[in-house]
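Notes to accompany the following structure.
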Amino acid sequence: MEISAPLVTTFIGAQPVPGEPEEETSSIYGTQIADTSRYYGIQPLSANVTAGDLTVKSKTVYAPLVPSAKVESPLLDQYGGYTGKTMVATAGSTRSVSCRFVHITGNQSRTYVQRGVLPKTLSLSLDGGTFEDDGAGNLLHKSGTNNYSKLTVDYDLGEINVWRASSYTTATANATYQPAVAITGAAISGAIPITNQNRGFNYTLNMAEAKPRPGTLVVSYIALGKWQDIRDTGTGQLTGSGSGTIIFATGSAAITLDALPDPDSAIVFSYVAQNDDEVTIYGGPHCQDSKPANLS
Numbered sequence: 001m002e003i004s005a006p007l008v009t010t011f012i013g014a015q016p017v018p019g020e021p022e023e024e025t026s027s028i029y030g031t032q033i034a035d036t037s038r039y040y041g042i043q044p045l046s047a048n049v050t051a052g053d054l055t056v057k058s059k060t061v062y063a064p065l066v067p068s069a070k071v072e073s074p075l076l077d078q079y080g081g082y083t084g085k086t087m088v089a090t091a092g093s094t095r096s097v098s099c100r101f102v103h104i105t106g107n108q109s110r111t112y113v114q115r116g117v118l119p120k121t122l123s124l125s126l127d128g129g130t131f132e133d134d135g136a137g138n139l140l141h142k143s144g145t146n147n148y149s150k151l152t153v154d155y156d157l158g159e160i161n162v163w164r165a166s167s168y169t170t171a172t173a174n175a176t177y178q179p180a181v182a183i184t185g186a187a188i189s190g191a192i193p194i195t196n197q198n199r200g201f202n203y204t205l206n207m208a209e210a211k212p213r214p215g216t217l218v219v220s221y222i223a224l225g226k227w228q229d230i231r232d233t234g235t236g237q238l239t240g241s242g243s244g245t246i247i248f249a250t251g252s253a254a255i256t257l258d259a260l261p262d263p264d265s266a267i268v269f270s271y272v273a274q275n276d277d278e279v280t281i282y283g284g285p286h287c288q289d290s291k292p293a294n295l296s
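Taking the UniProt record's numbering, the leading residue of the sequence shown gets 1, the next gets one more, and so forth.
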């Protein structure tokens, strides 16, 4: 076996003995180049570049291909089953709080409003400007000064992240919103088996018998052996590893996948129906055993 480039690492081999060595300390793998594929990579520069330069210097031009490079990403506070959630109001009136932003990294700052937020009820007064959420996790400028390039809200956590156009902010803001909590509800699931006959990019879903509640539809499929998800933002648009639209009044949805699903796999969709949930709310400073309270 010959290689076209010198080795950059020393590999210790086993002592030569008659027959097979007792212990293999190194292994050699061979690969076959496929001209039909192109590989791209990213490497940091080892020297600054300026306009007009014809060459650039990087730390290395090598990257592992076989075995394929893998990155481990820990996931925290994830549900084991259905992951679609809907926000349900816990109060009939709005709540106003004063919250201070703290610097996270770069131009990003973060604050919390202490409770979950019902979509399309958040109004934020910050740095001379007023921003309102669009129901899809974004805060849009409505009036006053706008010194920010991006503002987002996590409705479940009550977390607000802002990116200032220059520098960062540690200002105090006023937020008005309707408190809410995220619930999963009783999920309804279905599947479309993938065969060579129906394998494609576009599919339709008919959920007329039990129409989905806004923000709960999750469509999952396998492409190249990995699960991909497409989610309803609550506004009728599906985003993620694909795109699509859903009509909540009829329960019809059209999806376009980013990649062809694997043969002999399935497109799985899950959602919470629009029927009413039975929710019991318990409150009060304490509970008495002698006279149990019946709060619903």
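Just so it is clear, CB atoms sit at the ideal spot from N, CA and C, and this is done for glycine as well.
Query raised in the report: Are Val272 and Ser220 closer than 8 Å when you measure CB to CB?
Result: Going by beta carbons, Val272 and Ser220 fall outside the 8 Å limit.
**Report entry** Stretch-stretch touch, CB-based, cutoff 8 Å, three pairs: the segment 243-262 with the segment 201-214
**Finding:** Yes, the segment 243-262 is in contact with the segment 201-214.
Query raised in the report: Skipping 5 residues on each side, what residues in its chain have a beta carbon closer than 8 Å to that of Val117?
Result: Within the same chain, Val117 has close Cβ partners Met87, Asp133, Val153, Tyr155, Gly158, Tyr177, Gln178, Pro179 and Ala180.
Query - Reduced DSSP category for Gln43 - H, G, I as helix; E, B as strand; rest coil - result: Coil, per DSSP.
Query - Check whether Ile222 and Pro261 have beta carbons under 8 Å apart - result: It is a contact, given that the beta carbons lie within the stated cut-off.
Query - Coarse secondary structure for Asn174, derived from DSSP in three states - result: Correct three-state label for Asn174: strand.
Query raised in the report: Once you ignore the five residues that flank Thr250 on each side, which residues in its own chain have a CB closer than 8 Å to its CB?
Result: A distance below 8 Å between beta-carbons, with the five flanking residues on each side excluded, links Thr250 to the following residues of its chain, in chain order: Ala208 and Lys211.
Report task. Give me the Cα-Cα distance between Val56 and Leu45, rounded to the nearest whole angstrom. Result -> Val56 and Leu45: Cα-Cα distance of roughly 7 Å.
Query raised in the report: For the beta strand (DSSP E) that contains Phe269, what are its first and last residues?
Result: Bounds of the beta strand (DSSP E) holding Phe269 are Ala266 to Val272.
Requested in this report: Figure out for me which residue from Thr111, Gly234, Ser252 and Leu224 has the closest Cα to the Cα of Asn206.
Outcome: Nearest C-alpha to Asn206: Ser252.
Report task. Return helix, strand or coil for Glu132, following the three-state DSSP convention. Result -> Judged by DSSP in its simplified three-state form, Glu132 adopts strand.
Query raised in the report: Any idea what DSSP makes of Leu124, helix, strand or coil?
Result: Here Leu124 carries a strand assignment [DSSP, helix/strand/coil].
Query - Pairwise C-alpha distance: Val218 and Val113 - result: Their backbone Cα atoms lie some 27 Å apart in a straight line.
**Report entry** CA-to-CA distance, Leu151 to Thr121, given in whole angstroms
**Finding:** In a straight line, the C-alpha of Thr121 is about 15 Å away from that of Leu151.
Query raised in the report: So, are the CB atoms of residue 305 and Pro263 less than 8 Å apart?
Result: It is not possible to answer for residue 305, since the shown part of the chain is limited to 1 through 296.
Report task. Pick helix, strand or coil for Ile160, following the three-state DSSP scheme. Result -> For Ile160, the three-state secondary structure derived from DSSP is strand.
Query raised in the report: So Leu238 and Phe201 are in contact, right, with Cβ under 8 Å, and what is the actual spacing, rounded?
Result: Between Leu238 and Phe201 a beta carbon distance of about 14 Å is seen, past the 8 Å cut, so the two are scored as non-contacting.
Requested in this report: Could you name the residues of the same chain whose beta carbon sits closer than 7 Å to that of Lys59, not counting the 5 residues immediately before and after it, in chain order?
Outcome: Correct list, in chain order: Gln43, Pro44 and Ser46.
Report task. Decide if Pro119 is buried, meaning its Cβ has at least 16 other Cβ atoms within 10 Å, or exposed. Result -> Label assigned to Pro119: buried.
Query raised in the report: Taking the C-alpha atoms as reference points, what is the distance between Ile255 and Thr204?
Result: Rounded to the nearest angstrom, the two C-alpha atoms are 6 Å apart.
Query raised in the report: So what does Pro261 bridge to, in DSSP terms?
Result: The beta-bridge partner set that DSSP reports for Pro261 is empty.
Report task. Taking 8 Å as the cut-off, decide whether the C-beta atoms of residue 310 and Ser270 are in contact. Result -> No information on residue 310 is available, as it lies outside the stretch 1 to 296 that the chain covers here.
Query raised in the report: Which class does Lys142 belong to by DSSP, given the choice of helix, strand or coil?
Result: Here Lys142 carries a strand assignment [DSSP, helix/strand/coil].
Query raised in the report: For Asp53, which of helix, strand or coil comes out of DSSP?
Result: DSSP places Asp53 in coil when its eight states are reduced to three.
Report task. Could you tell me the distance, in whole angstroms, from the CA atom of Thr9 to the CA atom of Glu2? Result -> Each residue's Cα considered, the two are about 16 Å apart.
Query raised in the report: Rounded to the nearest angstrom, how far is the Cβ of Ser125 from that of Ala165, given a contact under 8 Å?
Result: Actually they are not in contact, since the Cβ atoms of Ser125 and Ala165 sit about 18 Å apart, beyond 8 Å.
Query - 6 Å Cβ shell around Gln288 - same chain, five flanking residues per side excluded - result: A caution first: Gln288 carries a pLDDT of 44, below 50, which makes its placement in the model unreliable, though a value can still be read off. The same chain holds no residue with a CB closer than 6 Å to that of Gln288 once the five nearest residues on each side in sequence are set aside.
Query raised in the report: Quick one: what's Pro74 bridged to in DSSP?
Result: Paired residues: none, contrary to the question.
Query - One or two residues paired with Ser241 in a DSSP bridge - result: Paired residue(s): none; Ser241 is not in a bridge.
Query raised in the report: In three-state terms, what does DSSP make of Tyr112?
Result: Correct three-state label for Tyr112: strand.
Report task. Identify whether Arg231 lies in helix, strand or coil by the three-state DSSP scheme. Result -> In this structure, Arg231 counts as strand in the three-state DSSP scheme.
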